[in-house]
Structure formats: structure tokens, C-alpha cells
Amino acid sequence: MTLTMTEHGDGRIVDFGDKARIERRLLPEQEPVIDSKTGAPFVNPFSGQAVTRDVIGPDGRPVYVWVAYEKVTIEPGQDGKRVHPVHGGETTYTYVWVIRGQGNEAEARAIAEKIAA
Numbered sequence: 121m122t123l124t125m126t127e128h129g130d131g132r133i134v135d136f137g138d139k140a141r142i143e144r145r146l147l148p149e150q151e152p153v154i155d156s157k158t159g160a161p162f163v164n165p166f167s168g169q170a171v172t173r174d175v176i177g178p179d180g181r182p183v184y185v186w187v188a189y190e191k192v193t194i195e196p197g198q199d200g201k202r203v204h205p206v207h208g209g210e211t212t213y214t215y216v217w218v219i220r221g222q223g224n225e226a227e228a229r230a231i232a233e234k235i236a237a
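Reading the sequence shown from the start, the letters are residues 121 to 237 in this note's numbering.
Here's what the structure looks like:
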């Protein structure tokens, strides 16, 4: 059986059949923006949260990570309600994409190919 791969738009998302996909995302860890005068992180006065910026690599560009997902069907329970497999709350979704791993593009592709097989 051959695996059908579909690349979307700018290549940021690639589907592997209808059960797996990979997505290029900015590295989830972000660096705090530091005040050069005080050395303390800047804080958003409205939210109280630290202001962050994307992690920049040695080449001066943002660092990306490839994330592998599995499509998980959400079946209704005996009471007819669907329960989200990640956060456990009630949902109207019939499926969700659940993260199964991340790494460089080759690592994410290997995970997705294994799921799709």
C-alpha cells in the first residue's frame, strides 16, 4: 500500500494519508525580553505576564521545530456526549489532532509515517 502525502500551501503542513500530519512551528520555548537598564524581564502591565520573543538561531533566523500529529476520532459515550481526549471536557468535535512527537523534519516524518502505516 502506498502512502499518499499532501503538502499544504507553503509546505508548513504535510498530511500522511488521513491519519497523520506534520507541521513546522516556531520553537515553543520563547526567550524573555530583558530590560537593558534593570536586567529584569519586561512584564505586560495588563496581563502581568513576561514579554517574550521567538528563539533566534545563530544564523539570525527564528528556530523551528517539526511536530507530528495523529488524528484521533472522538466517539460519543453511552450518554451521547463526546469527551475531548486531551483536556477531558465535553466537545462537539468528531476528531482532534494529538501531538505524538517533535524534532527536526526527518524525525517528525518518521513518526508520521509510522502512524500512517
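Glycine included, C-beta positions come from ideal geometry on N, C-alpha and C.
In this text, all values refer to a predicted model and were calculated from it rather than measured experimentally.
Report the three-state DSSP secondary structure of residue i (helix, strand or coil).
i    : result
I194 : coil
R181 : coil
V203 : strand
T212 : coil
Residue i bridges to which residues according to DSSP?
i    : result
E72  : Look at the range of the chain in this structure, 121 to 237, and you will see that residue 72 is not part of it.
I235 : Answer is none; I235 lacks a bridge partner.
R229 : Paired residue(s): none; R229 is not in a bridge.
Beta-carbon within less than 6 Å of residue i's beta-carbon, same chain only, minus the 5 sequence neighbours each way: which residues are those?
i    : result
D135 : T126 and R141
Could you check where the beta strand (DSSP E) with residue i kicks off and where it finishes?
i    : result
G159 : Unbroken run through G159: none, as it is neither H nor E.
Q169 : It is not in any beta strand (DSSP E) - Q169 carries neither H nor E in the DSSP assignment.
G223 : Y215 to G223
H128 : M125 to H128
Less than 7 Å between C-beta atoms, sequence neighbours within five positions excluded: which residues of the same chain meet that for residue i?
i    : result
E233 : L123 and F136
V206 : V216 and V218
Can you list, in chain order, the residues of its chain with a C-beta nearer than 8 Å to that of residue i? Leave out the 5 residues immediately preceding and following it.
i    : result
D155 : P161 and F162
Q222 : V185, W186, V187, A188 and A228
G209 : V203
Can you find at least 3 beta carbon pairs, one from the region 191-200 and one from the region 211-218, that sit closer than 8 Å? yes
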